[in-house]
């Protein structure tokens, strides 16, 4: 295989449909020549702890992480050393100082064992609590993001059909402990559903008794590609690097046929036909993605008025116009239109996933926009869901209330983009929004969103510094939490500032703001809040550090616009709150200042 061909294979959407042997060969070649292809990937130190021999799996992880945007340096713990590595502070794992921890136990690592079959209800509940306390100790021993495999279903059911439903059944216990662990896990722990993967590949492949007896690898080699891919996808979400936007074609993608040629009565959509039902099911799946915060956009070569007739008048449409954050419907090339979508939604091209039935359009976009993930749709619309779902590219750390309302926020952003060049129109628009900022306190109800927002690689992120939930709840930093709402919606928590107090200075340790609310002049309102906080605690100055990345270059202009002065260095700035700051009209009412 030529160099160019094997490098192209690294990006292939159909990698998971290849044989395990083919994937292992590609992974081996990548591991030998990764220095040739990973220059632009984010560096990540990953620790892998398994309740089994994980060497074969570990060999695939660098390739799968590469496909999800990372170049990894991996530490492999010893066989069965999950607890000793984590709970001993002098272990090699702690010396490695990983950015991400992957924990892969199996049902063999449970406290509950076959000797407990038929136990009483009280014994069963005690075992669950004992199991939970062990894992709580593990989670508390390290504050970095953790990706953990849930306990897998066993290869046999000692109690037969009762095993999944009786207190003394092993399968029932596994289901109960998995739910208890997921419900009890802190924000920095994210789970992979082992039961789903096992049933997807088949229990006869998930469990390989011969291989386990020979090498202590519990599953067949056929499991390795999907498991390693899922680990990388979940890790991408836990590191807040998941894809954000699904860009959709219309004709033969959301419905069958060409609306411009066939008319609204001639397209195929709805449960009346098998093909129409397939398109309806695909739309239902896409609608479900919005529940985890995925933003929808449309990129189609069509007449906008004709295309919108389907959204407005076809009874088979599941998606409606309000579900779509931005439309680019015209006859220009799709790469250009996708760039416009990224700009309008204020996201990077690497946040976009493009779905189009036409292989020519897919190739055009793939060739010109390397950062956009282009999905190779199969010919049969009944297979569209599988093609998108198996890539698992929209993983998130946790689903928050802000995720559920995200699409509305981006629709408002698209309207603001149209007005930015007209200062007067923009001012009138902002006034009419009747925006209100509410200062909130750090609590169990706000903690997940605060951690999520601080973990994102967004454009408004001063230092890229991350914080665990424990650090935020401690006494070493103060957390300023800003919620935004206007007459159209509640945007939820959109900005977080981490501060420290040092004599005359209020130090900004990090400041992040959601890209959904750019161009709303929110930074001026937050500046007003920080000045009020400074005065309350007797500070004369506000200081900050700015760590430039390839994403946050716009911040230098904002820092200067807010009145901060460079302190003869490349990254430190100071604001004199008595004489030096700028105050632009932001048209926002600020409430609950007393919480500062």
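In our numbering, the protein residues as written are 472 to 1067. For each residue, glycine too, the CB sits at the ideal point set by N, CA and C. If you're wondering where the values come from, they're calculated on a predicted model, not measured in any experiment.
Counting the other CB atoms within 10 Å of its CB gives residue 868 a total of 16 or more, which places it among the buried residues.
Short of 7 angstroms from the beta carbon of residue 478, and not among the five residues preceding or following it, lie these beta carbons of its own chain, in chain order: 508. In the DSSP assignment, residue 976 falls within the unbroken beta strand (DSSP E) covering 976-984. The region 738-754 makes no contact with the region 963-979; the number of CB pairs closer than 8 angstroms stays below 3. In chain order, 906, 908, 996 place their CB closer than 6 angstroms to the CB of residue 1059, counting only its own chain and leaving out the 5 sequence neighbours on each side. No Cβ-Cβ contact shorter than 8 angstroms links residue 792 with residue 811. Positions of the beta strand (DSSP E) runs, each at least 3 residues long and wholly inside the region 980-1044, are given as 1012-1016 in order along the chain. With contact defined as three or more Cβ pairs closer than 8 angstroms, the region 819-835 and the region 704-720 are in contact. The region 693-710 makes contact with the region 521-541: 3 or more CB pairs, one atom from each, lie closer than 8 angstroms.
For the pair residue 756 and residue 856, the Cα-to-Cα distance works out to about 7 angstroms. Taking one beta carbon from each stretch, the region 836-848 and the region 935-952 have fewer than 3 pairs nearer than 8 angstroms; the two do not touch. For the pair of segments examined, the region 757-775 was found not to touch the region 673-689: the number of CB pairs separated by less than 8 angstroms stays below three. Relative to the Cα of residue 1064, the nearest Cα in the group 925, 659, 1002 belongs to 1002.
Taking a cut-off of 8 angstroms for Cβ pairs, the region 1035-1052 and the region 1009-1023 touch, as three or more such pairs fall below it.
Taking C-beta separations shorter than 7 angstroms and ignoring five residues to either side along the sequence, the partners of residue 633 in its chain run 640, following chain order. Minimum Cα-Cα distance from residue 745 among the listed residues 948, 815, 978, 851 corresponds to 851. In terms of CA proximity to residue 480, 534 leads the group 534, 525, 648. Scanning 754, 617, 731, 903 for the CA closest to the CA of residue 742 turns up 754. Under the 10 Å beta carbon count, residue 547 is surrounded by 16 or more other beta carbons and is classified as buried. For residue 973, the enclosing beta strand (DSSP E) stretches over residues 961-973. Pairwise C-beta distances place the region 985-996 out of contact with the region 1004-1011, as fewer than three of them are shorter than 8 angstroms.
When the beta-carbon positions are compared, residue 870 and residue 921 stay at least 8 angstroms from each other. With contacts defined as CB atoms closer than 8 angstroms, residue 981 and residue 969 qualify as a contacting pair. Residue nearest to residue 517 within the set 929, 564, 551, 590 is 564 (criterion: CA-CA distance).
Distance from the CA atom of residue 853 to the CA atom of residue 486, rounded to whole angstroms, is 20 angstroms. Under DSSP, residue 827 takes part in a beta bridge, and its partners are 847.
Taking the Cα of residue 521 as reference, the smallest distance to any Cα among 620, 672, 979 is reached at 620.
In the three-state reduction of the DSSP assignment, residue 524 falls in the coil class, being assigned neither a helical nor a strand state.
Separation of residue 714 and residue 651 (C-alpha to C-alpha, rounded to the nearest whole angstrom) is 29 angstroms. Fully contained in the region 680-748 are the following beta strand (DSSP E) runs of length 3 or more, in chain order: 716-719. The residue among 1021, 1047, 1022, 1020 with its C-alpha nearest the C-alpha of residue 1031 is 1047.
Residue burial is scored here from C-beta neighbours: residue 688 has at least 16 other C-beta atoms within 10 angstroms and is therefore classed as buried. Nearest C-alpha to residue 616 among 624, 627, 653, 657: 657. Look at the region 526-568 and you find these whole runs of beta strand (DSSP E), each 3 residues long or longer: 541-547. If you draw a straight line from the Cα of residue 1049 to the Cα of residue 960, it is about 35 angstroms long.
DSSP links residue 1059 through a beta bridge to 906.
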